[in-house]
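Read through the structure below, which is laid out as C-alpha cells, and then see the notes.
Number of protein chains: 2
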Amino acid sequence: MESLTIGELAARSGVAPSALRFYEREGLIHASRTGGNQRRYDRAELRRVAFIKIAQQVGVSLDEIREALASLPENRTPTKGDWSRLSARWRHRLEERIAVLERLRDQLTGCIGCGCLSLQRCKLVNPSDRLAGRGAGPQMVLNPPGD
Amino acid sequence: MESLTIGELAARSGVAPSALRFYEREGLIHASRTGGNQRRYDRAELRRVAFIKIAQQVGVSLDEIREALASLPENRTPTKGDWSRLSARWRHRLEERIAVLERLRDQLTGCIGCGCLSLQRCKLVNPSDRLAGRGAGPQMVLNPPGD
DNA sequence: CTGCAAGTTGAAGTTCACTTCAGCTCAAGC
DNA sequence: GCTTGAGCTGAAGTGAACTTCAACTTGCAG
Numbered sequence: 002m003e004s005l006t007i008g009e010l011a012a013r014s015g016v017a018p019s020a021l022r023f024y025e026r027e028g029l030i031h032a033s034r035t036g037g038n039q040r041r042y043d044r045a046e047l048r049r050v051a052f053i054k055i056a057q058q059v060g061v062s063l064d065e066i067r068e069a070l071a072s073l074p075e076n077r078t079p080t081k082g083d084w085s086r087l088s089a090r091w092r093h094r095l096e097e098r099i100a101v102l103e104r105l106r107d108q109l110t111g112c113i114g115c116g117c118l119s120l121q122r123c124k125l126v127n128p129s130d131r132l133a134g135r136g137a138g139p140q141m142v143l144n145p146p147g148d
Numbered sequence: 002m003e004s005l006t007i008g009e010l011a012a013r014s015g016v017a018p019s020a021l022r023f024y025e026r027e028g029l030i031h032a033s034r035t036g037g038n039q040r041r042y043d044r045a046e047l048r049r050v051a052f053i054k055i056a057q058q059v060g061v062s063l064d065e066i067r068e069a070l071a072s073l074p075e076n077r078t079p080t081k082g083d084w085s086r087l088s089a090r091w092r093h094r095l096e097e098r099i100a101v102l103e104r105l106r107d108q109l110t111g112c113i114g115c116g117c118l119s120l121q122r123c124k125l126v127n128p129s130d131r132l133a134g135r136g137a138g139p140q141m142v143l144n145p146p147g148d
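Given below as C-alpha cells:
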C-alpha cells in the first residue's frame with residue numbers, strides 16, 4: 002500500500018474528498034489515476050495537504066498557497082530542504098501575524114475600555130495587512146472633540 | 002456636529018458605506034434618520050464599528066460579533082465598564098488565537114522540514130478553534146504506519 | 001434656487017472555499 | 001455473478017461578507 006485512495010487521504014488528512022477534488026482542480030495537489038480512472042495519491046501528497054491546512058490556519062488564501070506550492074520541484078518528491086525553505090517563508094508571515102495580534106491584545110482593554118477607542122489614537126483598527134486596499138487608511142479627520 | 006453622516010462614519014472608520022448599511026441590516030450598528038431619510042450616526046457608533054473591525058481581525062464571525070454587541074445595554078450609551086467587559090471576553094479569544102499561532106510557529110519548521118509532517122504526530126493541522134473556515138475536525142484515523 | 005455630490009432602496013452580483021447532486025462506473029467480498 | 005460501497009464527472013448550490021447597480025431623493029454651497 003504505497004498509494005492512497007481519495008477516501009484514505011481524506012481520512013488521514015481530515016479534509017473531505019470533495020475538497021481534495023477541489024484542490025486538484027485548483028492545482029494545489031496532484032493524483033495519478035488507476036485504469037478505472039480513480040485517483041491514487043502518493044504519500045507525499047499528505048504533506049502537501051498538511052501544508053495547505055497549516056497555511057489556512059495562518060490566514061493565507063488558496064491562491065497564495067498554490068503559488069507557494071508551485072515553488073516546490075515538480076520532477077521529484079520534495080525533500081526536507083524544499084519543505085524547510087517553504088516553511089521558513091510562512092514562518093515569517095506567521096510571525097507578522099502574531100505580532101499584529103499581540104499588539105491588538107496589549108492595547109485592547111486599554112483602548113476599548115477607556116473609551117479612547119478612537120480611530121485616530123489607536124492603531125488597532127488599521128490593520129497592517131491587506132485591508133489597506135481601500136483608501137480608508139489613516140486619512141482620519143483629526144481632533145474630533147471628545148473622541 | 003454631534004452626529005455623523007454615513008460618509009463621515011465611513012471615512013472615520015475605514016469601513017465602506019455599503020458595509021455600514023450591511024451592518025445595519027444585520028443588526029450590528031444603528032442609525033437614526035433625518036427628515037429626508039438619511040442616516041445619522043451617534044458618535045458612539047464609531048466605537049461599535051471599531052469593535053467590529055477588531056473582532057474581525059481576531060477572526061470572529063459577524064454572527065458572533067452581533068451576539069457580543071447584543072450584550073451591550075440598549076437603553077443607554079455603553080460605558081467604559083460595558084466595553085471593558087466585552088473586551089475582556091475578546092482578549093481571551095485573542096490570547097487563545099495567539100497561542101495557537103505560536104504553537105504553529107514553534108513547530109512549523111520542525112514539522113514540515115523534517116518530513117514528520119504527519120497528521121497524527123503534529124497537532125498543527127487540527128485547529129483548536131474554527132477561525133480559518135470550516136474544518137473537518139479531528140476525526141483522524143490513527144496509526145498509519147510510516148507516516 | 002439651482003446644481004451636484006452624497007445619500008436612499010431592493011435586488012442582484014462577487015469572491016472564496018467548498019459541498020451537494022444526479023447519474024453513472026469501479027472494485028472487492030460473499 | 002451480484003451486491004454494495006467507494007469513486008467519477010460537471011453543474012449547480014451554499015454561506016459569509018460584502019459590493020455593485022439602477023433609479024431615485026436630499027441637502028448644502030454658491
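Residue numbers (the working numbering), protein chains in the order written: chain A, 2 to 148; chain B, 2 to 148.
In this text, a Cβ means the ideal position worked out from N, Cα and C, and glycines have one as well.
Not a single C-beta of chain B is nearer than 8 Å to the C-beta of serine 62/A. It is roughly 11 Å from the alpha-carbon of histidine 93/A to the alpha-carbon of valine 59/A. Look at glutamate 103/B: its C-beta is under 8 Å from a C-beta on chain A. Taking every protein chain shown into account, the CB of alanine 32/B has 16 or more other CB atoms within 10 angstroms, so this residue is buried.
In this structure the stretch 33 to 44 of chain B does not touch the stretch 59 to 73 of chain B; the number of beta carbon pairs closer than 8 Å is below three.
Between glutamate 27/B and arginine 106/A, the CB-CB gap reaches or exceeds 8 Å. Annotation: Cβ neighbours of isoleucine 99/B in chain A (cutoff 8 Å, chain order): Ile99, Leu102, Glu103 and Arg106. Residues of chain B whose Cβ lies closer than 8 Å to the Cβ of glutamate 96/A are, in chain order, Arg106.
At a C-beta separation below 9 Å, arginine 40/B has no neighbours in chain A, since its nearest C-beta there lies roughly 18 Å away. The residue from Ser19/B, Ser14/B, Ala12/B and Glu46/B with its alpha-carbon nearest to that of serine 4/B is Glu46/B.
Using a Cβ-Cβ distance cut-off of 8 Å, the stretch 8 to 19 of chain B and the stretch 49 to 59 of chain B are in contact, since at least three pairs of beta carbons, one from each stretch, lie closer than that value.
In the DSSP assignment, aspartate 43/B is bridged to Ser4/B.
Around serine 72/B, the same chain offers no residue with a beta carbon nearer than 6 Å, after the five sequence neighbours per side are excluded. Per DSSP, the beta bridge partners of serine 33/B are Arg41/B. The C-alpha of arginine 98/A is placed about 33 Å away from the C-alpha of threonine 6/B. Close partners of leucine 109/B in chain A (Cβ separation under 8 Å): Ile55, Ser88, Trp91, Arg92 and Leu95. DSSP, reduced to helix, strand and coil, places glutamate 75/B outside both helices and strands of the structure shown, so it counts as coil. For glycine 82/A, the enclosing alpha helix (DSSP H) begins and ends at 81 to 109. Taking all protein chains in view, the Cβ of arginine 90/A is surrounded by fewer than 16 other Cβ atoms within 10 Å, so the residue is classified as exposed. For the pair tyrosine 42/B and leucine 70/B, the CB atoms are not nearer than the 8 Å cut-off.
Secondary structure note for glutamate 25/A: its alpha helix (DSSP H) is the uninterrupted segment 18 to 26.
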